[in-house]
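Read through the structure below, which is laid out as structure tokens, and then see the notes.
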Amino acid sequence: MIRDVLRMGDPRLWERSNEVMRFGTAELSSLLADMRDTMRAQNGAGLAAPQIGVPLRVVIFGMEDNPRYPDAEPVPYTELVNPVLTRLSDETEDGWEGCLSVPGFRGVVPRWARIRYTGFDPDGRKIARECTGFHARVVQHETDHLDGILYPMRITDMRQFGFTDVLFPDMAGVDQDE
Ligand code: NI
């Protein structure tokens, strides 16, 4: 079921979400189905449970040929529960981000260039990966949501924050709200 996405200003987006304690449950499976439906309906590259008002440490992400990110490399569709991130170098990279909770805007955000992430799939099997580039960016963006952080809070140059259709007029007509 497609759910409403909370928008910036809703205090629920500022809260720290709770660890999932039980895996393989009908509740978790139904939450993930709703998250998947909601992300796909909006052409999102990722979604965190608190964005649909559920304060649990659950994120999904993945992207193959997303029209909103034509230059980004594919990221395998992943359902990640209780994620933990570790940076693998001090290097950061600037890149454009958007958010389904901040519709109509894009901003440049510095992120760690190389990370490792661990967590669990919905059945409690361990996931551990190392990644770079857009994959690393989307995981950092989504896990930030679990700590009540939206990407505008990480922008260092506010001149690189603005309306998507002003920044990228060539992309007009493509659904650009992430
Ligand atoms: Ni977001």
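For what it's worth, the numbering used here labels the leading residue of the sequence shown as 1365, then goes sequentially. Every residue, glycine too, gets a C-beta built ideally from N, C-alpha and C. Note that this is a predicted model, so its numbers are computed, not measured.
Contact between the region 1488 to 1497 and the region 1466 to 1480 is present: 3 or more CB-CB pairs across the two stretches fall below 8 Å. Cβ contact annotation for Pro1440 (same chain, cutoff 8 Å, sequence separation greater than five): Gly1426, in chain order.
For Glu1428, there is no enclosing alpha helix (DSSP H), since its DSSP letter is neither H nor E.
Here Arg1480 carries a strand assignment [DSSP, helix/strand/coil].
Judged by DSSP in its simplified three-state form, Asp1529 adopts helix. Our two residues, Met1522 and Val1472, have alpha carbons roughly 8 Å apart in a direct line. A straight line joining the alpha-carbon of Leu1370 with that of Gly1462 spans about 14 Å. In the three-state reduction of the DSSP assignment, Phe1387 falls in the coil class. By the Cβ neighbour-count rule, Ser1465 is buried, with 16 or more other Cβ atoms within 10 Å of its own.
In the three-state scheme derived from DSSP, where H, G and I count as helix and E and B as strand, Ala1492 is classed as strand. For the pair Ala1413 and Glu1437, the Cα-to-Cα distance works out to about 24 Å. Shown here, Pro1474 sits in a strand according to DSSP, grouped into three states. The straight-line gap separating the alpha-carbon atoms of Arg1421 and Arg1489 is approximately 15 Å.
Listed in chain order, the non-local C-beta contacts of Val1384 below 7 Å within the same chain comprise Leu1392, Leu1420, Arg1421, Val1422, Val1445, Asn1446, local neighbours out to five positions each way being set aside. Taking the Cβ atoms as the reference, Glu1443 lies roughly 5 Å from Ile1424, within the contact range of under 8 Å. The Cβ atoms of Pro1474 and Asp1485 lie no closer than 8 Å to each other.
In this structure Thr1402 is buried. Its beta-carbon is surrounded by 16 or more other beta-carbon atoms within 10 angstroms. Cβ-Cβ separation between Met1372 and Leu1514: approximately 6 Å, consistent with a contact (criterion under 8 Å).
For Val1502, the uninterrupted alpha helix (DSSP H) run begins and ends at 1497 to 1510, by DSSP.
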